[in-house]
């Protein structure tokens, strides 16, 4: 495992505020936190992320990974988050060459949350090999059931996106953020901190409550994860990229229902499971 | 009205693809387009936006407005969009001073869609005066009914966000995009092209299907629109900014129900309307 010194600067995830409903009655409700975190890499200001604040160190590490500014977690010496000033200070072991140039090209993407991807989104896509992973339909239903049972900020306050990393139907990590790209970056950062077996994406499944846009498909592929499951739908570019990569994109997934948009060979179909019960009933 | 030469490069908004459902049966479905549009300003490459493609010229104009790179629509001579190459070429009358420096500071925001706001998001907020606009509860319900009746890409293909601009309960413009920040930017661009009365935000209401994050509240305030209505909820920073600006943020708004999070003085409360019928029944 990489030896990185990390703070654990978790901040409160919700706040109680008073709203007034349509009857004119006060309602005390929870809303999700949203805070600015400015990332400095070796004292160079890189970006300000707006985040829920649950796992800022993993978020920053995964952001650097998914922006392809770091090739390996071993390049990072420490990540120090201080919420009092809203700063994440990253110290690398060797520095990042040409940081200003490499962060100059700007793509503002579709998805919720972290919209900006440096460099060429499509670069190196053709070099990605996603392996032969197959998910059984029963495992997919188990995964959806685990999501249904998960306690979450969404259930208490709404207005956040959730992401999760699975191995079969076993949930390894569940992450929420006000932006879903923050959530997937947090997962990417966490994966880099694990042992070799968990770092490998080829036997993992990525779940998101958000839409399967181009950026979500690309990020999943960059992490080597060949199967992506969403509660929502897919966009045209997300679908085209999934087809091109041989990535299995599954959307509209809830309870026993889903649509497989691409690479259906990665599902071991057990269609009798769809007929067992009312399709909208929980598994 | 500003004399800007604009193309009208509308592109197809949906595509039919074949998916496989949980029974193993093929389903032909519509998915929303998502295409890359690279914006050049006076031959300087600025940004690549991922968009549905419904109104790219308004989107580009509103993007430049909301990024505060342009002070007036009169600064623009032409916007030429060519989908064959995915390029929007903006020609200004005088050039933009210090464009590289002004686009150097990067904030990756929470919202769906266009995440990146140049410069200091909070700059000039304290100079914003939003006027005294008041919306009657009956008008709010009329607005929500207009949204309910609106034909949309969302209804045919899902996976897009909708925004609309209202004057009272009269819908002036309805815009969808794969990213909701694109949708609000498109409205900002359209407003700049209208006559003086429609350019003014102070008597308008902004509606969005997306969450009321910091960036949505800021963009609304920058357009001078004092009332924002959402089907979704609000984040902590969206709420704090709305309180500070005296902007009326209304969320969870559907049919006859809503929550007013801030500036309730901007609603003319008619709470008897909430009791008239089943609160979940359409108006």
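Protein chains in written order, with our numbering: chain A, 36 to 318; chain B, 36 to 318. Where a beta carbon is used, it is the ideal one built from N, C-alpha and C, also for glycine. Since we're looking at a predicted model, the values are computed, not measured.
| Item | Value |
| --- | --- |
| Contact set between the stretch 285-300 of chain B and chain A, restricted to residues whose Cβ is under 7 Å from the partner | 291, 292, 293, 294, 295, 296, 299 |
| In chain order, each alpha helix (DSSP H) run of at least 4 residues that lies wholly inside the stretch 247-306 of chain A | 249-257, 271-280 |
| The stretch 225-245 of chain B / the stretch 119-135 of chain B touching (three or more Cβ pairs under 8 Å) | no |
| Any chain A beta carbon closer than 8 Å to residue 121 (chain B) | no |
| Which of helix, strand or coil DSSP assigns to residue 124 (chain A) | strand |
| Spatial neighbours of residue 47 (chain A) in its chain, beta-carbon cut-off 7 Å, leaving aside the 5 residues before and after | 68 |
| Residue from B:171, B:208, B:279, B:195 with nearest C-alpha to residue 247 (chain A) | B:195 |
| Chain-order list of residues whose beta-carbon lies under 6 Å from that of residue 97 (chain A) (same chain, five-residue window excluded) | 220, 221, 223, 224 |
| Distance, residue 307 (chain B) Cα to residue 146 (chain B) Cα | Confidence in residue 146 (chain B) is poor, its pLDDT being 37 and thus under 50, which makes the residue's placement too unreliable to answer from. |
| Proximal residues, the stretch 183-216 of chain A versus chain B, C-beta separation under 9 Å | 192, 193, 194, 195, 212, 213, 214, 215, 216 |
| Neighbourhood of residue 255 (chain B) by C-beta, 6 Å cutoff - its chain only, sequence neighbours within 5 removed | 241, 263 |
| Which of helix, strand or coil DSSP assigns to residue 36 (chain B) | coil |
| Stretch pair the stretch 51-67 of chain B + the stretch 185-203 of chain B: three plus CB contacts closer than 8 Å | yes |
| The stretch 52-67 of chain A: positions lying closer than 8 Å to chain B by Cβ | 52, 54, 55, 56, 57, 58, 59, 62, 64, 66, 67 |
| Beta-bridge partners of residue 71 (chain B), as assigned by DSSP | B:85 |
| Spatial neighbours of residue 272 (chain B) in its chain, beta-carbon cut-off 6 Å, leaving aside the 5 residues before and after | 249 |
| Strand pairing of residue 206 (chain B), partner residues [DSSP] | B:201 |
| Within 8 Å, strictly: CB atoms of residue 286 (chain A) and residue 268 (chain A) | yes |
| Residue 163 (chain B), DSSP secondary structure in three states | coil |
| Contacts of residue 181 (chain B) in chain A (Cβ-Cβ under 9 Å) | Going along chain A, no residue has its Cβ under 9 Å from residue 181 (chain B), so there is no contact; the nearest lies around 17 Å. |
| Within chain A, partners of residue 243 (chain B) - CB distance below 7 Å | Result: empty, since nearest Cβ-Cβ is about 13 Å, beyond 7 Å. |
| Bounding residues of the alpha helix (DSSP H) (the contiguous stretch that carries residue 232 (chain A)) | 231-234 |
| Residue interval of the beta strand (DSSP E) (run including residue 240 (chain A)) | 240-243 |
| Pairwise C-alpha distance: residue 91 (chain B) and residue 63 (chain A) | 41 Å |
| Cβ of residue 246 (chain B) within 8 Å of any chain A Cβ | yes |
| Residue span of the alpha helix (DSSP H) that contains residue 55 (chain B), given as start and end | Premise fails: residue 55 (chain B) lies in the beta strand (DSSP E), 49-56, not in any alpha helix (DSSP H). |
| Residue 62 (chain B) in three-state terms, based on DSSP | strand |
| Short CB-CB distance (under 8 Å) between residue 41 (chain A) and chain B | no |
| Host alpha helix (DSSP H) of residue 221 (chain B) (start-end) | 215-228 |
| Cross-chain neighbours of residue 174 (chain B) in chain A, by beta carbon under 9 Å | Under the 9 Å cutoff, chain A gives no residues; its nearest Cβ is about 13 Å from residue 174 (chain B). |
| Continuous beta strand (DSSP E) stretch holding residue 191 (chain A): start and end | That residue, residue 191 (chain A), is in no beta strand (DSSP E); its alpha helix (DSSP H) goes 188-192. |
| Positions along the stretch 254-283 of chain A whose CB lies within less than 8 Å of some CB in chain B | 267, 268, 269, 270, 271, 272, 273, 274 |
| Within chain A, the residues that residue 70 (chain B) reaches when beta carbons sit closer than 9 Å | 271, 272 |
| Residues bridged to residue 113 (chain B) (per DSSP) | B:40, B:126 |
| Reference residue 291 (chain B); option with closest CA among A:281, A:59, A:100 | A:59 |
| Residue nearest to residue 131 (chain A) in terms of C-alpha spacing, selected from A:282, A:166, A:115, A:110 | A:110 |
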